[in-house]
Amino acid sequence: MMMTDCEFELLEKISRHELPSGCEFVPMAALKAALPAYDEDSLKSAVEDLCSLQFLEMKDGSIAITDMGVAAVCSM
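Heads up: the sequence shown is residues 129 to 204, going by this note's numbering.
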């Protein structure tokens, strides 16, 4: 599975607890602050791709990492 740099960095930050994880949902604004090198469109695309892989879950515009996402980061 190939991930973009943005997708990888997003999962990595969540796994390192640089963003809240688990059952807590993180607003998109927190992603923008944590990953300033990427524009909003890149972040939205990364979130959509990671949601389609079931690594992230989206609810009301906020995201949370899933168990599959945690497993993916651990295997990297």
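Ideal placement from N, C-alpha and C gives every residue a C-beta, glycine not left out.
{"Check": "Whole angstroms are fine: how far does the CA of residue 155 sit from the CA of residue 190?", "Outcome": "4 angstroms"}
{"Check": "Only counting the same chain, and skipping five residues up and downstream in sequence, which positions put a Cβ closer than 7 angstroms to that of residue 137?", "Outcome": "163"}
{"Check": "Between the Cα of residue 180 and those of 201, 196, 160 and 203, spot the shortest distance and give me the residue it belongs to.", "Outcome": "196"}
{"Check": "With distances taken Cα to Cα, identify the nearest neighbour of residue 140 among 178, 167 and 188.", "Outcome": "178"}
{"Check": "What's the gap between the Cα of residue 107 and the Cα of residue 192?", "Outcome": "In the structure displayed, the chain extends from 129 to 204; residue 107 sits before or after that span and is not available."}
{"Check": "DSSP three-state call for residue 181: helix, strand or coil?", "Outcome": "coil"}
{"Check": "Round the Cβ separation of residue 186 and residue 201 to the nearest angstrom and send it over; I've been treating them as touching at under 8 angstroms.", "Outcome": "Contact doesn't hold; Cβ gap of about 18 angstroms is too wide."}
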